[in-house]
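Following: one structure in structure tokens, then a few remarks.
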Amino acid sequence: MKTSLSEVVLRFPAPGFDLRDARLAVHLDGAMVFDGGFGTGFEHRVTACPGKHRIDVRLSMNSGMPRSRTWYFEVGVDERCSVGLEYSRMAACFNGTLAIRRTPLG
């Protein structure tokens with residue numbers, strides 16, 4: 002019997018501005034996938050089971066209160082789910098929705 006697995010590609014492009022003292026921590030289903038400078042951006046690929054998944058982000062700065070957000074998203078069977086995190090400089094927080102693109106594996 003074949004086990005169906007999918008892939009999650011989690012992305013945060015380097016923003017066009019820098020928060021010099023900001024540290025970004027990102028968890029996918031409770032596992033740390035990134036812990037580093039906000040200005041660097043990252044891409045992380047992981048094999049995942051189809052179903053519901055959770056992303057938690059925390060942006061910590063020496064000069065203010067930390068900002069955090071949680072999202073849930075679904076991954077289908079045998080698909081690559083590219084998930085983009087977006088930060089709004091004007092609102093000073095992560096956008097409430099994820100930028101998701103789905104493509105079949107194969």
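With the working numbering, letter number 89 in the sequence shown gets 90, and the count goes up by one each step, no holes.
Virtual Cβ for every residue (Gly too), placed ideally from N, Cα, C.
With a Cβ-Cβ cutoff of 8 Å, do residue i and residue j count as a contact?
i: Ala23; j: Asp36; result: no
i: Arg46; j: Thr71; result: no
i: Val34; j: Val84; result: no
i: Gly77; j: Arg103; result: yes
i: Tyr88; j: Pro16; result: yes
i: Leu6; j: Cys50; result: yes
Can you name the residues that DSSP bridges to residue i?
i: Met66; result: None; Met66 has no bridge partner.
i: Pro105; result: Glu80
i: Phe35; result: Val27
Assuming residue i contacts residue j under a Cβ cut-off of 8 Å, what Cβ separation, rounded to an integer in Å, is found between them?
i: Thr48; j: Glu8; result: 6 Å
i: Cys94; j: Arg68; result: 5 Å
i: Leu20; j: Met62; result: 6 Å
Comparing alpha-carbon positions, which option in the options lies nearest residue i?
i: Glu80; options: Phe18, Pro105, Phe74, Thr98; result: Pro105
i: Gly31; options: Asp57, Gly107, Met91; result: Asp57
Who are the near neighbours of residue i in its chain, counting only those whose CB is closer than 8 Å to its CB and skipping five residues on each side?
i: Pro14; result: Gly42, Gly85
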